[in-house]
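Q:
In UniProt numbering, the protein residues as written are 1 to 73.
This is the structure we're talking about:
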């Protein structure tokens, strides 16, 4: 376990059945991986555009070859 995982323990309650310690560990690992993945998706969705992405908006049309084989926009 990492330090980050220790900071946010998962509160799991078994309400039925009689799972073994291995089964509880497997279920906890699956839940933690799912929660970490969802948190990662949330972080990606809220990411601001990078400077490269912001600068790309300035180009309104692609550059093409103009007269005399020079570049024109």
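For each residue, glycine too, the CB sits at the ideal point set by N, CA and C.
Is the distance from the Cβ of residue 12 to the Cβ of residue 28 below 8 Å?
A: yes
Q: Go ahead and pull the three-state DSSP assignment for residue 11.
A: Three-state DSSP puts residue 11 in coil, outside helix and strand.
Q: What number of angstroms, rounded off, separates the C-alpha of residue 16 from the C-alpha of residue 34?
A: Using only the alpha carbons, I get a separation of about 22 Å.
Q: Taking only the alpha-carbon atoms, compute the straight-line gap between residue 24 and residue 38 and give it to the nearest angstrom.
A: 21 Å
Q: Which partner residues of residue 32 appear in the DSSP bridge assignment?
A: Answer is none; residue 32 lacks a bridge partner.
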